[in-house]
Amino acid sequence: MLERLSSADFADLPDGKLITLVDGESIALDVAEIREFTPSRTRAATPFALILRERDAHRTLPQGIYEYRHPVHGPLHLFTVPIGPDADGMRYEIILN
(Lines of atoms letter the chains of each structure in order from A and count residues from 1; the text may use other names and numbers.)
(Lines give C-alpha, C1' and ligand atoms only; values in the text may rest on other atoms or scores of the structure.)
Protein backbone atom coordinates (compact mmCIF):
# COMPACT_ATOMS: atom_id res chain seq x y z
CA MET A 1 0.00 0.00 0.00
CA LEU A 2 2.65 2.56 0.99
CA GLU A 3 4.60 1.96 -2.21
CA ARG A 4 1.60 3.23 -4.21
CA LEU A 5 1.35 6.56 -2.39
CA SER A 6 2.53 9.72 -4.09
CA SER A 7 3.01 13.28 -2.96
CA ALA A 8 -0.26 14.14 -4.76
CA ASP A 9 -2.14 11.95 -2.26
CA PHE A 10 -1.32 14.51 0.44
CA ALA A 11 -1.47 17.76 -1.54
CA ASP A 12 -5.26 18.19 -1.43
CA LEU A 13 -6.27 16.88 1.97
CA PRO A 14 -9.40 18.44 3.52
CA ASP A 15 -8.32 21.61 5.33
CA GLY A 16 -4.70 20.62 4.56
CA LYS A 17 -4.64 18.36 7.62
CA LEU A 18 -3.71 14.78 8.38
CA ILE A 19 -5.36 13.22 11.45
CA THR A 20 -3.56 10.86 13.84
CA LEU A 21 -4.81 9.15 16.97
CA VAL A 22 -2.60 9.39 20.07
CA ASP A 23 -3.73 7.87 23.37
CA GLY A 24 -7.35 8.02 22.24
CA GLU A 25 -7.13 11.68 21.17
CA SER A 26 -7.45 12.80 17.55
CA ILE A 27 -4.71 15.25 16.63
CA ALA A 28 -4.89 17.27 13.41
CA LEU A 29 -1.49 18.01 11.93
CA ASP A 30 -1.10 20.60 9.17
CA VAL A 31 0.64 19.45 6.01
CA ALA A 32 3.23 22.25 6.03
CA GLU A 33 5.41 21.06 3.15
CA ILE A 34 5.71 18.24 0.63
CA ARG A 35 9.18 17.74 -0.80
CA GLU A 36 9.91 15.30 -3.63
CA PHE A 37 13.32 13.65 -3.98
CA THR A 38 15.12 12.60 -7.13
CA PRO A 39 13.30 9.57 -8.54
CA SER A 40 15.10 6.26 -8.70
CA ARG A 41 15.21 4.33 -11.96
CA THR A 42 14.48 1.13 -10.04
CA ARG A 43 11.30 2.38 -8.35
CA ALA A 44 7.97 3.26 -9.89
CA ALA A 45 7.06 5.96 -7.37
CA THR A 46 8.96 9.18 -6.63
CA PRO A 47 10.12 9.30 -2.99
CA PHE A 48 8.95 12.29 -0.96
CA ALA A 49 8.91 13.84 2.50
CA LEU A 50 5.93 15.21 4.36
CA ILE A 51 6.56 17.97 6.86
CA LEU A 52 3.67 18.13 9.31
CA ARG A 53 3.08 20.83 11.91
CA GLU A 54 1.21 20.66 15.19
CA ARG A 55 -0.06 24.03 16.33
CA ASP A 56 0.14 23.03 20.02
CA ALA A 57 3.79 23.89 20.67
CA HIS A 58 3.56 22.52 24.23
CA ARG A 59 3.17 18.94 23.03
CA THR A 60 5.83 16.94 21.22
CA LEU A 61 5.00 13.50 19.92
CA PRO A 62 7.93 11.12 20.33
CA GLN A 63 9.53 9.49 17.30
CA GLY A 64 7.59 6.40 16.32
CA ILE A 65 4.98 4.81 14.11
CA TYR A 66 1.60 6.53 14.16
CA GLU A 67 -1.66 5.66 12.50
CA TYR A 68 -2.87 8.46 10.25
CA ARG A 69 -6.35 8.61 8.75
CA HIS A 70 -6.25 9.34 5.04
CA PRO A 71 -9.66 10.17 3.49
CA VAL A 72 -8.99 8.00 0.40
CA HIS A 73 -6.44 5.38 1.48
CA GLY A 74 -7.77 4.79 5.00
CA PRO A 75 -5.43 4.11 7.91
CA LEU A 76 -1.71 4.53 7.18
CA HIS A 77 0.99 3.51 9.65
CA LEU A 78 3.85 5.95 9.13
CA PHE A 79 7.18 6.42 10.91
CA THR A 80 7.19 9.99 12.20
CA VAL A 81 10.18 11.97 13.49
CA PRO A 82 9.99 15.29 15.38
CA ILE A 83 12.36 17.75 13.66
CA GLY A 84 11.89 20.74 15.93
CA PRO A 85 9.66 23.77 16.28
CA ASP A 86 9.30 26.78 14.07
CA ALA A 87 7.36 29.99 14.69
CA ASP A 88 4.05 28.18 14.06
CA GLY A 89 4.46 24.99 16.12
CA MET A 90 6.25 21.65 16.35
CA ARG A 91 7.28 20.06 13.04
CA TYR A 92 7.45 16.37 12.14
CA GLU A 93 8.89 14.59 9.12
CA ILE A 94 7.67 11.45 7.35
CA ILE A 95 9.73 10.00 4.50
CA LEU A 96 7.99 7.79 1.95
CA ASN A 97 10.25 6.00 -0.48
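Position 90 of the sequence shown, counting from 1, maps to 664 under this note's numbering, and the rest follow consecutively.
By construction, the Cβ of each residue, glycine as well, lies at the ideal position given by its N, Cα and C atoms.
These numbers come from a predicted model, not from an experiment.
Relative to the C-alpha of residue i, which residue among the options is closest?
i           : options            : result
residue 637 : 657, 650, 611      : 657
residue 659 : 635, 648, 631      : 631
residue 577 : 633, 635, 617, 646 : 617
residue 639 : 585, 611, 596      : 596
residue 671 : 612, 605, 641      : 612
residue 626 : 620, 619, 634      : 634
residue 641 : 605, 594, 599, 610 : 594
Leaving out five residues on either side along the sequence, give the residues of the same chain with a beta carbon under 6 Å from the beta carbon of residue i.
i           : result
residue 644 : 650
residue 628 : 603, 663, 664
Residue i bridges to which residues according to DSSP?
i           : result
residue 600 : 595
residue 663 : 660
Can you give me the Cβ contacts of residue i inside the same chain, cut-off strictly under 7 Å, excluding the 5 residues immediately before and after it?
i           : result
residue 585 : 608
Going along the chain, which residues of its own chain have a beta-carbon closer than 8 Å to the beta-carbon of residue i, five neighbours each way excluded?
i           : result
residue 591 : 602, 603, 604, 605
residue 579 : 619, 647, 650, 670
Cβ contact (3+ pairs, closer than 8 Å) linking the segment 648-656 and the segment 664-671: yes
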